[in-house]
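Data block below; observations after.
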Amino acid sequence: MKQIKRQIKHPHVPSPSVCLLVLLTLIWLAQGCALAPKKVLVKDSSQRFDAGDIVSARTGKVVTFQKLINHLGQVRVVYIGEKHTDTAHHDVQLKIIKALWEIHPDLMVGMEMFDHSYQEILEQWSGGRLSMDLFLEKTHWYANWRYNHRLYEKIFEFIKEKNIPLVGLNLPFHLPAKIRVGGIDSLSASEKQHLAVDIDITQADHKAYVERIYHQHKAALKYKFAYFYQAQCAWDDTMAEVIARSLGDRVMVVLAGNGHIIKKLGIPERAHRRTHVPYQTVYPISVGQTAEWSFGDYIWVTP
6 MKQIKRQIKH PHVPSPSVCL LVLLTLIWLA QGCALAPKKV LVKDSSQRFD AGDIVSARTG
66 KVVTFQKLIN HLGQVRVVYI GEKHTDTAHH DVQLKIIKAL WEIHPDLMVG MEMFDHSYQE
126 ILEQWSGGRL SMDLFLEKTH WYANWRYNHR LYEKIFEFIK EKNIPLVGLN LPFHLPAKIR
186 VGGIDSLSAS EKQHLAVDID ITQADHKAYV ERIYHQHKAA LKYKFAYFYQ AQCAWDDTMA
246 EVIARSLGDR VMVVLAGNGH IIKKLGIPER AHRRTHVPYQ TVYPISVGQT AEWSFGDYIW
306 VTP
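Counting the sequence shown from 1 gives a position; our numbering is that position plus 5.
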């Protein structure tokens, strides 16, 4: 019988040197991607900034922390934004508070995180008369604000250590939800007493900004936009009114979410119409995001 020989074709196997070259290339690419620093891009600009950069929106240039404080120390109200769960943003807030307290020992701190009905409790904290556990209990922290209190713990402790007056800016936390459902007119007379006397729903730029947010969140669409916007304005104007009522002749640092200070459309301009005092805003933003020069007077890039 004639034997048939099969020819088996073996795949080409690269030499060890080629394999090593490929492996080293992949490692180099992986390390390059891992080590490539993320930056903040400024919209309609070629400029990009690194973590730790403090950028003046007026000049578009990076400034030192001391230059920032020299400028902030000349105004009466300093707004510092935050993403509530970002530890780096709270570190920025504490660093500025400490530096401004050195310039203004009579500094006050106003916080979105407390509603103004807790003012007596906040004064007890500033006066050193409460433990942390009792402070959280009496302000109903986890019923109202709900974010982990440790995000703010160092700020609270510095306020207590230096006896800095702490001001609750917010309206009671259940009221915005009620307004979103039925509008301001649906509130009782006693509930309306917690709101600012004047609530402005006519600002076109602010309304356009809030409407963009509204359409980006499906959960918000169950509310009428008119009521949703009333809730936002009641929120911002009430905090602005509490700032104006509490400020006196002192200096205040205001801590609030970025959405309340962005482009100065929320609290800052509403408070300014009431106080007519100079103010500045600091907008913290994490690397990998896009900013606009209009976001704040200063943009602080965080990791």
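Cβ atoms here follow ideal geometry from the backbone N, Cα and C, with glycine treated the same way.
Coarse secondary structure for residue i, derived from DSSP in three states
| i | result |
| --- | --- |
| Val-83 | strand |
| Tyr-303 | strand |
| Ile-204 | coil |
| Asn-75 | helix |
| Ala-213 | helix |
| Thr-295 | strand |
| Phe-161 | helix |
| Lys-310 | Residue 310 lies beyond the stretch modelled for the chain, which goes from 6 to 308, so this question has no answer here. |
| Cys-38 | At Cys-38 the pLDDT is 44, less than 50, meaning the model places this residue with poor confidence; the figure from the coordinates comes in the next sentence. The answer is helix: DSSP assigns Cys-38 an H, G or I state. |
| Thr-92 | helix |
| Leu-192 | coil |
Cβ neighbour criterion (16 or more within 10 Å) applied to residue i
| i | result |
| --- | --- |
| Asp-203 | exposed |
| Ser-131 | buried |
| Ser-108 | First, the amino acid is wrong: residue 108 is Ile here, not Ser. That one is exposed. |
| Thr-64 | exposed |
| Asn-153 | exposed |
| Leu-105 | buried |
| Tyr-303 | buried |
| Arg-155 | exposed |
| Ala-39 | Its pLDDT being 46, under 50, Ala-39 is placed unreliably by the model, and nothing is read from it. |
| Tyr-147 | exposed |
| Thr-144 | buried |
| Pro-110 | exposed |
| Gly-86 | buried |
| His-119 | It should be noted that the sequence gives Phe, not His, for residue 119. Its Cβ being crowded by 16 or more others within 10 Å, Phe-119 is buried. |
| Glu-117 | buried |
Residue i CB to nearest heavy atom of the ligand PLP below 7 Å
| i | result |
| --- | --- |
| His-109 | In terms of ligand content, the structure shown is empty, and the ligand PLP therefore cannot be addressed. |
Rounded distance between the beta-carbons of residue j and residue i, thought under 8 Å
| i | j | result |
| --- | --- | --- |
| Ser-251 | Val-172 | 5 Å |
| Arg-279 | Ala-249 | 4 Å |
| Arg-217 | Ala-245 | Their Cβ separation, rounded to whole angstroms, is 22 Å, which puts Arg-217 and Ala-245 out of contact at 8 Å. |
| Val-309 | Trp-305 | The structure shown does not extend to residue 309, since the chain is modelled only from 6 to 308, so the question has no answer here. |
| Leu-174 | Ala-239 | No, Leu-174 and Ala-239 are not in contact; Cβ-Cβ is about 13 Å, not under 8 Å. |
| Gly-301 | Val-287 | 6 Å |
| Pro-308 | His-94 | About 10 Å; that fails the 8 Å criterion. |
Residues bridged to residue i [DSSP beta-bridge criterion]
| i | result |
| --- | --- |
| Phe-315 | Since the first residue shown for the chain is 6 and the last is 308, residue 315 is missing from the structure and cannot be characterised. |
| Leu-171 | Val-114 |
| Ser-61 | Tyr-303 |
| Val-67 | Val-60 |
>> Report the start-end ranges of each beta strand (DSSP E) in the stretch 115 to 156 that is 3 residues or longer and not cut off at the edges.
In response: none
>> For a minimum of 4 consecutive residues, which ranges assigned as the alpha helix (DSSP H) are wholly contained in the stretch 217 to 292?
In response: 230 to 252, 263 to 266 and 272 to 280
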